[in-house]
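Colleague: After the structure tokens below, expect a handful of questions from me.
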Amino acid sequence: MSPSRSWPAALSLLIASSCSDPDGGGRLPDASIEPGADAATDAAPADAAPLDASPDARPDAGGDAGPDMAAAFAAIDGMAVLEVGRAGEYQSFELAYVQPVDHGAPEGPSFEQHMTLLHRSSEAPMVLVATGYDNYLGGRLEDITYRLSANQVVIEKRYHGESRPAEVDWTTLTQEQIANDAHRLTEALESIYSGAWIGTGRSMGGADSVYHRRFFPDDVAGTVAYASAFLLGYPDTRFAGFFDEAVDADCEAALEAVQVEILGARRPAMLELAAKGNAYAYERSGGMEPALETSVLSLPWVFWQYRGIDSCPMVPDAGTAGDEDLFAFHQTVTGAWTASDEWWSYFEAYYYQIQAELGAPVIPADHLEGLVDPDVVDIEEGLIPVDADPPVFDAAFVPESLAWLEEEGHDIVFIYGELDPWTASRPDVAGVAEVWSFTAPAENHGVEIGDLDPEDAAVVEGLLEAWGGGE
């Protein structure tokens, strides 16, 4: 497993609430907290109906697995088999596929796109998982894969992790190029897999799976996008209402009071505590103090994104809590390390896309006037790669994609958590006949099918069965 797999993916602050070290200087996120089960455990979603384990009912995991499958992958032009293993009932393959840097100039420079493929049967459905970032999922099963007893291929996004050329032309990091990567890989693997294909992804990966459908609508039978944002500008100002209307008012007030206390009277103590356990560099943010401002600015957003109403009792009383208690809470939810050089470097490709064509939200901060430098880096906007020229924002890309969704989209399901701030950017598909959007009550960015109301979950399950060839 590459070192990059220790970082999971998500929009901006990746499960920071669950993986910081409250006693030290924080640590970078651990992929073990991302959704998805390890194929080695074959763990079922809590609400999933028991699968029939009889030999006649389930795809044969070993009938066409093993050396012959490795040879079949290796026979694909441009495909390399890097590692072969077994994960529970699956044969697992680490693969690398040569992709053009620019699909409009296929004879030009290329790079290897890395992926993990879990094989059960050449006739079973294939779940195409867009990570949105590096291959943080590896051999873990997606919920959909388990429900359908399907194969699964997890694609590392171009210019993330190990999937980048020696010299990156950042102007070729576009959703159209990313969609072409997925299309070309799908075409290559269809020579082996005859079952139906279903696309899915979480957060940025879900958006990628939808953009894939815009450019290649027939590559998959259906798509399920979880907690995916579709911003209408750079910046997008629609999010203030979420914090005024969607969340618990008392809890939000307590969070804002903590922000004011940390950046006001307790600032010297917070900086001293942060320096004691610090293991990161903050040159690009301008030092530890601007990094503290950046991370505290996003504290309520991250709290609601990855925690929620059940975590409100953990919010300290800003007026009575000790310095160490306030610091521990900050570290548990965000932490200055989320504005470290290491953070900016890891998410550099994501931030380039944000500033090039995807957009970024405005974080409500009126209550922090005078406490945050106007020039501090906004963690939702981020910092682009040091070797990239600042892109010109394409304000038309997302609106054009949403227009396509309304006019031509079909067989797409959106699933959101009620308390996830990104839900404010969900597409309006109320009048689109074959596109569905569901909200799970009181859930956050880690929403699953099983979190939906039973009648909504039943609709999704029926669609999956139909897309997978069960009807």
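Just so you know, the sequence shown maps onto residues 284 to 754 in the working numbering.
For glycine and all other residues, C-beta sits at the position ideal for the given N, C-alpha and C.
1) Look up residue 650 in the DSSP assignment and say whether it is helix, strand or coil.
2) Hey, could you find the ends of the beta strand (DSSP E) residue 720 is sitting in?
3) Might you give, ordered along the chain, the residues of its own chain that have their beta carbon closer than 6 Å to the beta carbon of residue 583, omitting 5 neighbours on each side?
4) Would you kindly report the start and end of the unbroken beta strand (DSSP E) that includes residue 485?
5) Roughly how many whole angstroms lie between the Cα atoms of residue 683 and residue 601?
6) Does residue 243 pass the burial test, meaning 16 or more other C-beta atoms within 10 Å, or should it be called exposed?
7) Going by DSSP, what residues sit across from residue 376 in a beta bridge?
8) How far does the beta strand (DSSP E) with residue 700 in it reach, from first residue to last?
9) Hey, how far is the Cα of residue 613 from the Cα of residue 699?
10) As a quick exercise: from 479, 491, 740 and 399, pick the residue whose alpha carbon is nearest that of residue 456.
11) Just how far apart, CA to CA, sit residue 552 and residue 599?
12) Output the distance between the C-alpha atoms of residue 529 and residue 702, rounded to the nearest integer angstrom.
13) Beta-carbon separation of residue 666 and residue 633 under 7 Å?
14) Between which two residues does the beta strand (DSSP E) containing residue 409 stretch?
15) In terms of alpha-carbon separation, which member of 414, 487 and 359 lies closest to residue 642?
16) Can you tell me the Cβ-Cβ gap for residue 574 and residue 623, rounded? I've got them flagged as a contact below 8 Å.
17) Residue 673: buried (16+ other C-beta within 10 angstroms of its C-beta) or exposed?
18) Take every Cβ of the segment 468-478, pair it with every Cβ of the segment 396-406, and state whether three or more of those distances are shorter than 8 Å.
19) What is the DSSP secondary structure of residue 507, counted as helix, strand or coil?
20) Enumerate in chain order the residues of its own chain whose CB-to-CB distance from residue 743 is below 8 Å, with the five nearest sequence positions on each side excluded.
21) Give me, in chain order, the residues of the same chain whose beta-carbon lies closer than 7 Å to that of residue 305; leave out the 5 immediate sequence neighbours on both sides.
22) Measure the CB-CB distance between residue 396 and residue 374 and report whether it falls below 7 Å.
23) Give the range of the alpha helix (DSSP H) segment to which residue 732 is assigned.
24) What are the boundary residues of the beta strand (DSSP E) that includes residue 715?
25) Hey, could you find the ends of the beta strand (DSSP E) residue 614 is sitting in?
26) Between the Cα of residue 418 and the Cα atoms of 542, 717 and 436, which residue gives the shortest distance?
27) Got a sec? Which residues, its chain only, sit under 6 Å from residue 740 by beta carbon, not counting five neighbours each side?
28) In the DSSP assignment, what residue or residues form a beta bridge with residue 443?
29) With a threshold of 16 other CB atoms inside 10 Å of the CB of residue 750, please say whether the residue is buried or exposed.
30) Give me the DSSP bridge partner(s) of residue 438.
31) Can you give me the Cβ contacts of residue 366 inside the same chain, cut-off strictly under 6 Å, excluding the 5 residues immediately before and after it?
32) Can you check which of these residues, 462, 512, 412 and 670, is closest to residue 500 by C-alpha distance?
33) In the structure shown, what three-state DSSP assignment does residue 669 receive?
34) Give the straight-line distance between the Cα atoms of residue 450 and residue 595, rounded to the nearest whole angstrom.
35) Could you check whether residue 571 and residue 563 sit closer than 7 Å to each other, using their CB atoms as the reference points?
Modeller: Result, derived from the coordinates:
1) helix
2) Start and end: 718-723.
3) Cβ within range, chain order: 538.
4) Per DSSP, residue 485 belongs to the beta strand (DSSP E) from 480-485.
5) 45 Å
6) Residue numbering for the chain in the displayed model covers 284 to 754; residue 243 lies beyond these limits and cannot be assessed.
7) 367 and 400
8) 695-700
9) 26 Å
10) 491
11) 16 Å
12) 7 Å
13) no
14) 409-413
15) 487
16) 7 Å
17) exposed
18) yes
19) strand
20) 507, 696, 698, 719, 721, 732 and 735
21) Here the model assigns residue 305 a pLDDT of 30, short of 50, so the residue's position is not dependable and the matter cannot be decided.
22) no
23) No alpha helix (DSSP H) contains residue 732, which DSSP labels as neither H nor E.
24) Here residue 715 belongs to no beta strand (DSSP E), and DSSP marks it neither H nor E.
25) Not the beta strand (DSSP E): residue 614 falls in the alpha helix (DSSP H), residues 606-616.
26) 436
27) 732
28) 446
29) buried
30) 398 and 413
31) Around residue 366, the same chain offers 377 as residues with beta carbons nearer than 6 Å, after the five sequence neighbours per side are excluded.
32) Comparing Cα positions, the closest option is 462.
33) coil
34) Residue 450 and residue 595 have their C-alpha atoms roughly 46 Å apart.
35) no
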